[in-house]
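Novice:
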Amino acid sequence: MTLEERADFAASLKKQGMCNCSQAVVKAFEDLLPLPNDSMMKLTAGFASGMGCMEATCGALIGANLTAGLMTGGRGTVKLAREMLTAFNEKCGATICKDLKGLETGKVLCECDQCVKNAVLIAGKFIPGLE
Numbered sequence: 022m023t024l025e026e027r028a029d030f031a032a033s034l035k036k037q038g039m040c041n042c043s044q045a046v047v048k049a050f051e052d053l054l055p056l057p058n059d060s061m062m063k064l065t066a067g068f069a070s071g072m073g074c075m076e077a078t079c080g081a082l083i084g085a086n087l088t089a090g091l092m093t094g095g096r097g098t099v100k101l102a103r104e105m106l107t108a109f110n111e112k113c114g115a116t117i118c119k120d121l122k123g124l125e126t127g128k129v130l131c132e133c134d135q136c137v138k139n140a141v142l143i144a145g146k147f148i149p150g151l152e
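With our numbering, letter number 129 in the sequence shown gets 150, and the count goes up by one each step, no holes.
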């Protein structure tokens, strides 16, 4: 599966309500990750509506960071997390869920399925072995 196909698959999972944002991102890479899918779904279950119920980091970005940690064995993950955060912020306009959804401004910066798609594409750009 190409990176673009993975991104479209993840966005589709989110749009259909089959996964939260974080789950959709890790599911896009499930064939490459060292944990069983059911374990990944459980680990990412708490990141629906971003971390802290829209108060903190977007779940899609969290999914990309979890993928980075698993793919790198934790080596260099902090650097990758910084790079992905910067790229996600540039592409989506924010990294905090409530800001992305425009809860305080009334202006949606990026819909959830697009955040998921962007997170998969960004993960593929920065994480070794996903390109």
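Every residue gets a Cβ at the ideal spot worked out from N, C-alpha and C, and that includes glycine.
These numbers come from a predicted model, not from an experiment.
Need the endpoints of the alpha helix (DSSP H) that residue 96 sits in, please.
Specialist: As a working note, residue 96 is residue 75 in the sequence shown. First-last for residue 96: undefined, no H or E at that position.
Novice: Given a threshold of 16 other Cβ atoms within 10 Å of its Cβ, counted over all protein chains shown, does residue 31 qualify as buried or as exposed?
Specialist: Stepping through the sequence shown from its first residue, residue 31 is reached at position 10. By the neighbour-count rule (16 or more Cβ atoms within 10 Å), residue 31 is buried.
Novice: Please report how far the alpha carbon of residue 120 lies from the alpha carbon of residue 140, in whole angstroms.
Specialist: The count along the sequence shown starts at 1 and reaches residue 120 at position 99. The count along the sequence shown starts at 1 and reaches residue 140 at position 119. For residue 120 and residue 140, the distance between alpha carbons rounds to 16 Å.
Novice: If you count every other CB in all the chains shown that lies within 10 Å of the CB of residue 39, and 16 or more means buried, which is it?
Specialist: Locating residue 39 in the sequence shown gives position 18, counting from the first residue. Per the 10 Å Cβ criterion, exposed.
Novice: Measure from the alpha carbon of residue 71 to the alpha carbon of each residue in 47, 22, 117, 128, then state which is nearest.
Specialist: The residue you call residue 71 lines up with position 50 of the sequence shown. Among 47, 22, 117, 128, the Cα nearest to that of residue 71 belongs to 117.
Novice: Indicate whether residue 134 and residue 48 have their beta-carbon atoms separated by less than 8 Å.
Specialist: In the sequence shown, residue 134 corresponds to position 113, counting from 1. In the sequence shown, residue 48 corresponds to position 27, counting from 1. No, they are not a contact pair.
Novice: Please tell me whether residue 143 and residue 108 are closer than 8 Å, where the distance is taken between their beta carbons.
Specialist: Counting from one through the sequence shown, the residue named residue 143 turns up at place 122. Counting from one through the sequence shown, the residue named residue 108 turns up at place 87. Yes.
Novice: Quick one, are the C-beta atoms of residue 104 and residue 68 less than 8 Å apart?
Specialist: Taking the first residue of the sequence shown as 1, we reach residue 104 at position 83. Taking the first residue of the sequence shown as 1, we reach residue 68 at position 47. No, the Cβ-Cβ distance between residue 104 and residue 68 is not below 8 Å.
Novice: Leaving out the 5 sequence neighbours to the left and right, which residues in its chain are closer than 6 Å to residue 93 when beta-carbon positions are compared?
Specialist: Start at 1 with the first residue of the sequence shown, and residue 93 comes out as number 72. Taken in chain order, the list of residues that qualify is empty.
Novice: Helix, strand or coil for residue 65 per DSSP?
Specialist: The count along the sequence shown starts at 1 and reaches residue 65 at position 44. If DSSP states are grouped into helix, strand and coil, residue 65 belongs with coil.
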